[in-house]
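Asks: Chains as they are written, first to last, in the numbering used here: chain S, 1 to 257; chain Z, 258 to 564.
We treat Cβ as the ideally placed atom computed from N, Cα and C, and that holds for glycine.
Quick one: the structure is below, questions incoming.
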Amino acid sequence: MHVVLAELGKLRRYGMVKAGCLVTILAALYGFAPALARDGVQKTFPLVMNNLLESNCIYFFPAMIVLIGGCMARREYTDNTLKNLQTVPLSLRRLLLGKLAVLFFMTVGFSVLSFLLGTALCFALGLPDAALPALAEWLARIVAGNLLVFVEVLPLTLLASLFVEGVYACTAAAFVYGFFASMEAAMLNYYPAKAVLILVDPRCGVGYDFVHYSPASAVLTLLAVLLGSAVLFALVHPGQGLNKVKSPKKATRAKGW
Amino acid sequence: MSRYIVETRGLTKQYGTQKSVADLHLHIAPGRIYGLLGRNGAGKTTTMKMLLGLTRPTSGEVFLWGTPLPGHEKELLPRIGSLIEAPGFYPNLTATENLRIFAALRGVPNRHAIRDALELVGLPYRDKKLFSQYSMGMKQRLAIALAVMHDPELLILDEPTNGLDPIGIAEMRSFIRRLCEERGKTILISSHILSEISLLADDIGILDHGVLLEEESLAVLEQNSRKHIRFAVSDTARAAAILEQQFQETAFSIQDDHILRLYNLDVPAGRMVTAFVKNGLEVSEVCTCEESLEDHFKQVTGGEGIA
C-alpha cells in the first residue's frame, strides 16, 4: 500500500501523465472523426462510442500503456532514485508491482477521460440515442475494454519495466500487436488483442460471415496472457546489470586529486 | 555484541580482472566519524555501496551492528541513512514532495520529520521550487535531508560537500559534527580532500587502489606527525629508560626497535646523545623532523598529490 501511495505521489506534474491525456484526446478525436463524414450513414451516440472503443483498443491504448509503464520504471534509473529506494529497503519486484497497480488505475482514469471526451463531442454535435442507460453501457464497455488491453499488453509492459532499455522497442511492438486486432480471421480467436474486442465490441466480426468469434476462447486467451505474465514476473529477475540507462542530464561531480 | 557498528572482513569487489576493492578490513566504532580518504577511483564509493547492499561483494563479509548484512537487509538498512554519488530525486516534484515519497516508503512515524529534516539542512519547507530547478548545492542538501529524515543511527555519506560553496561546506561540516556529538550518530564519510577529513573525522582510513593502507585515529596521526627529535639508536627500550631516569622526559614515542621520537624540543639533545653513548648505545642518526598530515598521506599512498 505504501508503495502504491508513493507511486501515486510521483505522478504529480509527471510528463507521461500529460502524454497519456494527450493520447486519450487524440484517440477521442480519431474515434469521433467518422461522425463528421457525410456518407449517408445515420450517426448515433453508440456508433461514435463504438468507434472510440475500437480506436482505443486497436491504435492508442496498447502502445500508450506499455510506454507509460516502461517509462515509470525507467525513470528510477534516469532520475537516479533507484539507490534511494533500494536502501529503504524496497525490492525491485515490490516496486514494479506498485507501478503496475498505479498503471492499472491510470488506465481506468484515461478510460473515463476518453468516455467523457467522446460523450462531450457527441453532445456537442447533438447526436441521438445518448440516453442514460446507453451512457452507462458505453462507460462500462470503454473502461472494461481498456482494462482488458492492460491485460493484453501486460507481458510487454513487464518486459519494458524489467529491461528499461527496451521501453521504446516494446512500445513499438505493442502498437503493431494492437494494430493486428483490426483484421478479421478465425484464428484471431486466440489473438489476445482481438480477444479484447471479441469481449467488449458489439460490432466485432459483424459483416464477416466467414469468421465466428467465441467469447469463451477470448476469455481463455486473456487468462493465458495473465498467467504467462505472472510466470514472466516470477522468473525474470529485474537485473540491474541489464539496465544501464543513465540520466542524460546527470550532473558531473568534481572528483579526484 | 560487536564493538563496531560497521565491520568488514576481507571485503573484495572485482570487475572483470580489476579489483575495485581488495581484502578490506574496515572498523567503525559507535559514535565516531570515520573518514574514508582516497583519490578518485580508490574504491570509496564501491565500498560504501557494498556496505548498503547496493553492490554485491565478490568475496568477504559486511557486518552491521555485528549482524551480517546479507539476509538481514530489512532490519539493518532502515537504521542507516545514506548519500551515495549524486543526489537522486524526482525532478517533477518539490523537495517536500520528494521527501514525502520516501517518508511514506520508510513508514516514518514522525509527522514533522520532513519539516525538521529540511530545516536542519537549511531548505524551506513548503517551497514551490521543483527539484529540477535546484542548484547542485541545494540538491546535495536535500540528499542529506533524506539521509537524516528517519533519524538513522548510522550515516554513510559519499563526498557530502561536493557542489557546496565554502560557506555551505563549513555549515555541512558543523552539521555533521553536531549529528555525531549531540545525537550520537555514527558517521562514515568519504572524501578526496584531506583538509576536509582532517577537520571532521575522528578516525581515518586511507584507501588507495582498493586497498586500505592505513586505519588510524586522527589523534594518533596528529601525534605522529608533530615536530619531534628523531633518534636512531641500537636499542630503543634502553634509550627510553635513559630519557626517563636521567632527563625525567616522558614525551616520547618508540616507533620500532631502532627509532625513538622525542616531542619536547627544548631538551639538550647533545647531552642525551652523550648519555646514550656512555650507556653503550650506538647512535646512528639524530635529526629534528616535522611531518605534516599531507606528507604522511603522500608517503602512505605513494607520493601523489592530494587536494
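At a CB-CB cut-off below 8 angstroms, which residues of chain S make contact with Pro348 (chain Z)?
Replies: Locating residue 348 (chain Z) in the second sequence gives position 91, where the first residue counts as 1. In chain order: Asp79.
Asks: Does the Cβ of Ser392 (chain Z) have 16 or more other Cβ atoms within 10 Å, making it buried, or fewer, making it exposed?
Replies: As a position in the second sequence, residue 392 (chain Z) is number 135, starting the count at 1. It counts as exposed.
Asks: Please report how far the alpha carbon of Leu117 (chain S) lies from the alpha carbon of Phe388 (chain Z), in whole angstroms.
Replies: To locate residue 117 (chain S), count along the first sequence from 1; it is residue 117. To locate residue 388 (chain Z), count along the second sequence from 1; it is residue 131. Rounded to the nearest angstrom, the two C-alpha atoms are 33 angstroms apart.
Asks: Is it a yes or a no for the segment 511-528 of chain Z touching the segment 489-497 of chain Z, going by three-plus beta-carbon pairs under 8 angstroms?
Replies: Output reads yes: the segment 489-497 of chain Z touches the segment 511-528 of chain Z.
Asks: Note the first and the last residue of the continuous beta strand (DSSP E) segment covering Thr545 (chain Z).
Replies: Here residue 545 (chain Z) is taken as the residue at index 288 of the second sequence, counted from 1. Here the beta strand (DSSP E) through Thr545 (chain Z) covers 540-546.
Asks: Hey, could you find the ends of the beta strand (DSSP E) His329 (chain Z) is sitting in?
Replies: For this step, residue 329 (chain Z) is matched to residue 72 along the second sequence. From DSSP, His329 (chain Z) is part of no beta strand (DSSP E); its letter is neither H nor E.
Asks: For Phe115 (chain S) versus Leu147 (chain S), is the C-beta spacing smaller than 8 angstroms?
Replies: On the first sequence, residue 115 (chain S) is found 115 positions in, with the first residue counted as 1. On the first sequence, residue 147 (chain S) is found 147 positions in, with the first residue counted as 1. Against a cut-off of 8 angstroms, the Cβ pair of Leu147 (chain S) and Phe115 (chain S) comes out as no contact.
Asks: Using a C-beta to C-beta distance shorter than 8 angstroms, which residues of chain Z count as neighbours of His2 (chain S)?
Replies: As a working mapping, residue 2 (chain S) is identified with position 2 in the first sequence. Residues of chain Z passing the Cβ test: Ala361, Leu362, Gly364.
Asks: When you compare the CB positions of Ile433 (chain Z) and Phe554 (chain Z), do they come within less than 8 angstroms of one another, or not?
Replies: Residue 433 (chain Z) sits at position 176 when you count from the first residue of the second sequence. Residue 554 (chain Z) sits at position 297 when you count from the first residue of the second sequence. Going by C-beta atoms, Ile433 (chain Z) is not nearer than 8 angstroms to Phe554 (chain Z).
Asks: State the DSSP-derived secondary structure class of Arg383 (chain Z), mapped to helix, strand or coil.
Replies: Taking the first residue of the second sequence as position 1, residue 383 (chain Z) is located at position 126. DSSP places Arg383 (chain Z) in coil when its eight states are reduced to three.
Asks: Closest Cβ-Cβ distance between Gly292 (chain Z) and chain S: below 8 angstroms?
Replies: Numbered from 1 along the second sequence, position 35 holds the residue referred to as residue 292 (chain Z). Taking Cβ atoms only, chain S never reaches closer than 8 angstroms to Gly292 (chain Z), which makes this a no.
Asks: Nearest to Ser229 (chain S) by alpha carbon, out of S:Ala185, S:Leu162, S:Met106?
Replies: Indexing the first sequence from 1 puts residue 229 (chain S) at position 229. Closest by alpha carbon: S:Leu162.
Asks: Using only alpha-carbon positions, find the residue among Z:Glu551, Z:Val534, Z:Leu550, Z:Ser549 that is nearest to Val543 (chain Z).
Replies: Here the question's residue 543 (chain Z) lines up with position 286 in the second sequence. The shortest Cα separation from Val543 (chain Z) among Z:Glu551, Z:Val534, Z:Leu550, Z:Ser549 belongs to Z:Val534.
Asks: With burial defined as no fewer than 16 other Cβ atoms inside 10 Å of the residue's Cβ, what is the status of Lys484 (chain Z): buried or exposed?
Replies: As a working note, residue 484 (chain Z) is residue 227 in the second sequence. Lys484 (chain Z) should be labelled exposed.
Asks: Start and end of the beta strand (DSSP E) containing Tyr272 (chain Z)?
Replies: If you number the second sequence from 1, residue 272 (chain Z) lands on position 15. Residues 263-272.
Asks: Closer than 8 angstroms, Cβ to any Cβ of chain Z: which residues of the segment 67-99 of chain S, in chain order?
Replies: Residues passing the 8 angstroms Cβ filter: Arg75, Asp79, Asn80, Thr81, Leu82, Lys83, Asn84, Leu85, Gln86, Thr87, Val88, Pro89, Leu90.
Asks: Closer than 8 angstroms, CB to CB, is Ser339 (chain Z) near chain S or not?
Replies: Stepping through the second sequence from its first residue, residue 339 (chain Z) is reached at position 82. Ser339 (chain Z) counts as touching chain S.
Asks: Where does Asp465 (chain Z) sit, in a helix, a strand or coil, going by DSSP?
Replies: To locate residue 465 (chain Z), count along the second sequence from 1; it is residue 208. Correct three-state label for Asp465 (chain Z): strand.
Asks: Looking at the C-beta of Leu5 (chain S), does it have a partner C-beta in chain Z at a distance below 8 angstroms?
Replies: In the first sequence, residue 5 (chain S) corresponds to position 5, counting from 1. Yes - at least one Cβ of chain Z is within 8 angstroms of the one on Leu5 (chain S).
Asks: Determine the closest residue to Gly267 (chain Z) out of Z:Thr531, Z:Ala494, Z:Val468, with distance taken between C-alpha atoms.
Replies: Sequence index remark: in the second sequence, residue 267 (chain Z) carries index 10 (1-based). Here the closest residue by C-alpha is Z:Val468.
Asks: Is there a Cβ of chain Z sitting closer than 8 angstroms to that of Gly118 (chain S), yes or no?
Replies: By one-based count along the first sequence, residue 118 (chain S) stands at place 118. So, not an interface residue.
Asks: Can you find a C-beta in chain Z that's less than 8 angstroms from the C-beta of Lys10 (chain S)?
Replies: Numbered from its first residue, the first sequence carries residue 10 (chain S) at position 10. Yes, Lys10 (chain S) lies at the interface with chain Z (some Cβ there is under 8 angstroms from its Cβ).
Asks: Pull the bridge partners of Val319 (chain Z) from the DSSP assignment, please.
Replies: Reading the second sequence from its first residue, position 62 is the one you call residue 319 (chain Z). In DSSP, Val319 (chain Z) forms a bridge with Z:Thr265.
Asks: If Leu158 (chain S) sits next to Leu232 (chain S), beta carbons under 8 angstroms apart, how far is it from one beta carbon to the other, in whole angstroms?
Replies: Mapped onto the first sequence, residue 158 (chain S) falls at position 158. Mapped onto the first sequence, residue 232 (chain S) falls at position 232. Leu158 (chain S) to Leu232 (chain S), Cβ: 5 angstroms. Contact.
Asks: Using a Cβ-Cβ cutoff of 8 angstroms, what residues of the segment 315-331 of chain Z are near chain S? List them in chain order.
Replies: If the cut-off is 8 angstroms between Cβ atoms, the segment 315-331 of chain Z has Glu330, Lys331 near chain S.
Asks: From the DSSP output, in three-state form, read off Thr351 (chain Z) for me.
Replies: Translated into the one-based positions of the second sequence, residue 351 (chain Z) becomes position 94. Thr351 (chain Z): strand per DSSP, three-state reduction.
Asks: Tell me whether Tyr291 (chain Z) sits in a helix, a strand or coil according to DSSP, three-state version.
Replies: What you label residue 291 (chain Z) is simply residue 34 of the second sequence in a count that begins at 1. Of the three classes helix, strand and coil, the one that applies to Tyr291 (chain Z) here is strand, per DSSP.
Asks: Using only alpha-carbon positions, find the residue among S:Leu156, S:Ile142, S:Leu227, S:Phe32 that is nearest to Ala63 (chain S).
Replies: Position 63 of the first sequence, counted from the first residue, corresponds to residue 63 (chain S). Here the closest residue by C-alpha is S:Leu156.
Asks: Decide if Val48 (chain S) is buried, meaning its Cβ has at least 16 other Cβ atoms within 10 Å, or exposed.
Replies: Within the first sequence, numbered from 1, the residue matching residue 48 (chain S) stands at position 48. By the 10 Å Cβ count, Val48 (chain S) comes out buried.
Asks: Hey, how far is the Cα of Leu100 (chain S) from the Cα of Gly69 (chain S)?
Replies: Counting from 1 along the first sequence, the entry for residue 100 (chain S) is found at position 100. Counting from 1 along the first sequence, the entry for residue 69 (chain S) is found at position 69. In a straight line, the C-alpha of Leu100 (chain S) is about 7 angstroms away from that of Gly69 (chain S).
Asks: Let's test the definition: count the other Cβ atoms within 10 Å of the Cβ of Asn419 (chain Z) and tell me whether it reaches 16, buried, or not, exposed.
Replies: Counted from its first residue, the second sequence places residue 419 (chain Z) at position 162. Result: buried.
Asks: Which word fits Ser447 (chain Z), buried or exposed, when buried means at least 16 other C-beta atoms lie within 10 angstroms of its C-beta?
Replies: Translated into the one-based positions of the second sequence, residue 447 (chain Z) becomes position 190. Ser447 (chain Z) comes out buried.
Asks: Return yes when the Cβ of Ser549 (chain Z) is within less than 8 angstroms of the Cβ of Ser452 (chain Z), no when it is not.
Replies: Indexing the second sequence from 1 puts residue 452 (chain Z) at position 195. Indexing the second sequence from 1 puts residue 549 (chain Z) at position 292. For Ser452 (chain Z) and Ser549 (chain Z), no; Cβs fall outside 8 angstroms.
Asks: Assign Asp373 (chain Z) to one of three DSSP states: helix, strand, or coil.
Replies: Start at 1 with the first residue of the second sequence, and residue 373 (chain Z) comes out as number 116. Here Asp373 (chain Z) sits in helix by DSSP.
Asks: Would Ala458 (chain Z) and Gly292 (chain Z) be called neighbours here (beta carbons separated by less than 8 angstroms)?
Replies: Translated into positions along the second sequence, residue 458 (chain Z) becomes position 201. Translated into positions along the second sequence, residue 292 (chain Z) becomes position 35. Yes, the pair counts as a contact, with Cβ atoms nearer than the cut-off.
Asks: Using a Cβ-Cβ cutoff of less than 7 angstroms, which residues in the same chain neighbour Lys521 (chain Z) once the five nearest sequence positions on both sides are dropped?
Replies: For the purposes of this step, residue 521 (chain Z) is taken as residue 264 along the second sequence, with counting starting at 1. The displayed chain sequence assigns Asn, not Lys, to residue 521 (chain Z). Once the five neighbours on either side are set aside, the close Cβ partners of Asn521 (chain Z) are Glu506, Ala508.
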